[in-house]
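The structure appears right after this line, and notes come after that.
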Ligand code: CP3
């Protein structure tokens, strides 16, 4: 029997729908915090297969999720390219910014697959350890979102430095994007060779762009990565997550060729049903704050999402990752609620 998660990604309506949650392994779980406190730093943690396998499996022991996502981070790619990347406690990632040709000259896309060997080992071990009905998801950041961190040196800005570079020096910025398209394509294919059964491309900063830049910096590079995967890893479903893309979700789906689109919580469900679901599987989009709030408000919104999207190809998820203050019992309540709607 094919795994329900993969059936849904291939366009089947699965009832009840499969469910997994972005950041399902993470600080809201006490057992994650216990493992995390012994690691020297976050990147070392990601590069230690024993620890990465353990924390990937932790949420599966508590909840009947339909998929596991590799424990790693989108910023292992700049690290593997040779940029200095650091995760600071309470501050998030900090990178030595790259803003010119000299900075680009120091990056080596050919080094990515070799430098990320521990990630592939984690995937190989996971593929033999996860339950037979659970899917295994690999992932990478999309070129635009990774470029934002590489150029700005951190997230949470308006991405102005990166956007200005792209407008003022399209050839220079294009070199960075080309390098990331190449590195990301190689990296994802290698993840598939080592056991990933589907891949998700996270474009967390897609929502800050003008229409023109969205087409050039989100749709076009993502499409190239999808084409590379189609050629080198045929049949492996690709999930795209252009967070906060608003009205551009529709063109993103039509033009990138993704098999599924993950939607942030601002996407109206009727729009998702009428404009996106006829073309691809949709994934999402419960507000991660409701998972903190819990109670009947959570139940009502879960039901509303299932009522509108459950009649077509759908994977239940959040609109963005689980946050640290989330009570683990609310996650159990959510999964039970979805499962309670059996077919
Ligand atoms: O469970 C999973 O979803 C798999 C692992 C995963 C992590 N990061 C682990 C992580 C995945 C898929 C990511 C993706 C990621 N990383 C994105 C795209 C999705 C999104 O959230 O928009 C981005 C932008 C990053 C970059 C990043 N990593 C930031 C901004 C931070 C700091 C903010 C924070 O939540 O702490 C991280 C750190 C990080 N990545 C943590 C985890 C579990 C927390 C660090 C810790 O445990 O100390």
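Residue numbers (my numbering): 60 to 402.
Virtual Cβ for every residue (Gly too), placed ideally from N, Cα, C.
- The beta-carbon separation of residue 112 and residue 157, rounded to 32 Å, does not stay under the 8 Å limit for a contact.
- About 10 Å separates the CB atoms of residue 317 and residue 335; that is not less than 8 Å, and the two are not in contact.
- In the DSSP assignment, residue 261 falls within the beta strand (DSSP E) that extends over 257-262.
- Separation of the CB atoms of residue 195 and residue 127 is rounded to 6 Å, and the pair is thereby assigned contact status at 8 Å.
- Cβ atoms of residue 171 and residue 207 stay farther apart than 8 Å, at about 18 Å.
- Our two residues, residue 345 and residue 70, have alpha carbons roughly 21 Å apart in a direct line.
- The three-state reading of DSSP puts residue 113 in helix, counting H, G and I together.
- Within 10 angstroms of the beta-carbon of residue 120 lie fewer than 16 other beta-carbons, which makes it exposed.
- Checking the DSSP bridge columns, you'll see residue 144 partnered with 154.
- Distance from the C-beta of residue 81 to the nearest heavy atom of the ligand CP3 is below 7 Å.
- With a threshold of 7 Å, the Cβ atom of residue 132 counts as near the ligand CP3, since some heavy atom of the ligand is closer than that.
- Using a cutoff of 7 Å, the CB of residue 128 counts as near the ligand CP3, since one of the ligand's heavy atoms is closer than that.
- Per DSSP, residue 371 lies in no beta strand (DSSP E) segment and is marked neither H nor E.
- In the DSSP assignment, residue 199 falls within the beta strand (DSSP E) that extends over 194-200.
- One alpha carbon belongs to residue 225, the other to residue 231, and they sit about 8 Å apart.
- For residue 251 against residue 197, the beta-carbon gap comes to about 7 Å, under 8 Å, which counts as contact.
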